[in-house]
Amino acid sequence: MSSEHQLDELGSFFTTSLVKIITGHSKKEYYVNSGALLSCGSSSLNALVNGGWKESKEGVIDWTEFDYKTIERFLIFLYTRDYPVPDPEPNNMIYDEEEEEIEAPEPTKAATDKLETNLQEATADFLEPRPLTPMSRCVFGLPLERRPTAAGLFTQTEFESDSHFGITLLAHAKMYTFAHYHLVSELERFALQRLNQVLISMDCTQAHAIPDIAQLVYHIYDNTTVRELQEEPARKLVSQFIALNYTNLMKGELQTLLVKGGDFVLDLSDKIFTRLRSGGSSSKLLESQIDELEAEVRALKTTYIDQESKIQRLEQELTEWRSWKAGSSRKLKGRY
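Numbering (this note's numbering), first residue to last: 17 to 352.
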């Protein structure tokens with residue numbers, strides 16, 4: 017699309033009516049041109065603007081179930097086809113994004129190396145069954161070279177190895193799940209690539225990488241669903257990343273997720289099996305990896321059984337205590 021055409025399209029937005037959007041627990045209000053909302057080609061957004069529903073009649077959309085920062089980024093995306101997110105925080109500076117206003121960084125010169133892979137072709141290739149793809153090869157389609165962008169700035173910025181990436185990961189994940197919910201396919205693809213860009217920048221040997229990734233898993237799996245014909249892209253990306261970094265990450269909160277079971281465990285098991293099957297040529301190495309995984313599974317099962325036994329023992333003690341208390345009460349009443 018030429019720059020002149022883009023300018024014409026953007027200019028046409030400002031001739032359309034304004035829609036009020038109410039967001040988050042604080043019910044912060046924003047105003048956006050209806051033409052910008054319709055530019056996504058989303059049937060969900062079209063229904064909100066033109067569907068004859070309460071929202072379209074009153075010109076007000078209630079998005080209080082989404083935090084205001086996510087909606088703010090979405091509105092920026094409508095006009096710029098880009099959005100800012102907070103940078104990873106140094107180890108001694110962790111903020112709650114809902115409480116702390118974080119300004120977007122000033123744009124600098126974008127990367128000059130051109131990314132020639134066509135987005136649609138690369139996405140189709142990424143989803144085909146094959147050995148796990150290195151995370152660094154999963155970034156494609158980001159408009160780094162066209163103009164200074166948030167993605168280009170992130171690529172050029174060096175972060176400390178002990179930085180916390182959780183706030184950045186969650187910002188992209190929320191953009192993805194919002195786009196997923198409202199069928200904004202362009203934003204869905206873009207947010208997924210921005211998410212992957214952050215993942216490959218992480219140092220998974222840092223202990224705080226585990227809770228950072230765990231909250232990402234919770235958000236993605238709580239806000240997406242299983243697809244029949246192909247694996248859900250964000251679920252695939254997250255489970256693949258953890259499989260590739262299994263030794264460093266499978267502790268703490270992520271180990272707890274394994275005990276809980278569910279879709280995440282199934283997806284991760286599939287990725288680990290793929291990794292083992294296509295990993296090393298040495299059968300001894302493969303057997304060692306399998307033995308290690310089996311030992312970890314046995315340990316998890318043992319932990320689960322121990323917890324169940326403790327619960328049963330405590331329930332039995334509680335029942336006995338209640339029986340003793342009831343008997344004591346009856347004896348006291350008999351005396352008086």
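Yeah, the Cβ is synthetic: ideal placement off N, Cα and C, and Gly gets one too.
- Pairing PHE30 with TYR47, the inter-Cα distance amounts to about 12 Å.
- For the set LEU284, HIS224, ASN239, the Cα lying nearest the Cα of LEU253 is the one of LEU284.
- Annotated three-state conformation of HIS224 is coil, per DSSP.
- For TRP340, the three-state secondary structure derived from DSSP is helix.
- Residues of the same chain with a CB within less than 8 Å of the CB of LYS44, apart from the 5 flanking positions on each side, are ILE38, TYR84 in chain order.
- Taken atom to atom, the span from the alpha-carbon of HIS188 to that of LYS267 is near 24 Å.
- Under the three-state reduction of DSSP output, ASN49 falls in the strand class.
- Judged by beta-carbon spacing, PHE194 lies beyond the 9 Å limit of LEU208, meaning their Cβ atoms are not closer than that value.
- When secondary structure is reduced to three states using DSSP, HIS180 falls in the strand class.
- Linking ARG338 to ARG329 through their CA atoms gives a straight-line distance of about 14 Å.
- For VAL101, there is no enclosing alpha helix (DSSP H), since its DSSP letter is neither H nor E.
- PHE289 has its alpha-carbon roughly 9 Å from the corresponding atom of ILE306.
- Counting C-beta pairs with one atom in each stretch, the stretch 237-245 and the stretch 208-228 have fewer than three that are closer than 8 Å, which means they do not touch.
- As DSSP reads the structure, LEU34 sits in a beta bridge with ASN49.
- Beta-carbon to beta-carbon, HIS41 and THR86 are separated by about 13 Å, too far to satisfy the 8 Å threshold.
- DSSP places THR240 in the coil class of the three-state scheme, outside both helix and strand.
- Following the DSSP letters along the chain, one finds VAL76 inside the beta strand (DSSP E) bounded by residues 76-79.
- One thing to note: LEU265 has its Cβ within 9 Å of the Cβ of ILE226.
- Counting along the chain, the unbroken alpha helix (DSSP H) around ILE258 starts and ends at 249-260.
- Counting only residues of its own chain and dropping the five nearest sequence neighbours on each side, ALA259 has a CB closer than 8 Å to the CB of LEU148, LEU284, LYS287, ILE288, THR290, ARG291.
- At least 9 Å separates the beta-carbon of LEU270 from that of ILE327.
- Judged by beta-carbon spacing, ALA52 lies within the 9 Å limit of LEU94, meaning their Cβ atoms are closer than that value.
- About 20 Å separates the Cβ atoms of PHE181 and PRO249, ruling out a contact at the 8 Å cut-off.
- ARG251 is a Cβ neighbour of ASP279, given a cutoff of 9 Å.
- The continuous alpha helix (DSSP H) containing PHE280 extends over residues 279-294.
- Taking C-beta atoms as the reference points, ASN49 and SER59 fail to come closer than 9 Å.
- In the structure shown, LYS43 falls within a coil segment according to DSSP collapsed to helix, strand and coil.
- By the C-beta density criterion, SER55 is buried, having at least 16 other C-beta atoms within 10 angstroms.
- The beta carbons of VAL35 and GLY68 sit about 15 Å from each other, so the pair does not count as a contact at 8 Å.
- A distance below 8 Å between beta-carbons, with the five flanking residues on each side excluded, links VAL281 to the following residues of its chain, in chain order: LEU273, LEU274.
- Here the C-alpha atom of GLY57 lies approximately 21 Å from the C-alpha atom of PHE82.
- The residue among ASP98, ASN261, SER72, MET218 with its C-alpha nearest the C-alpha of PRO106 is MET218.
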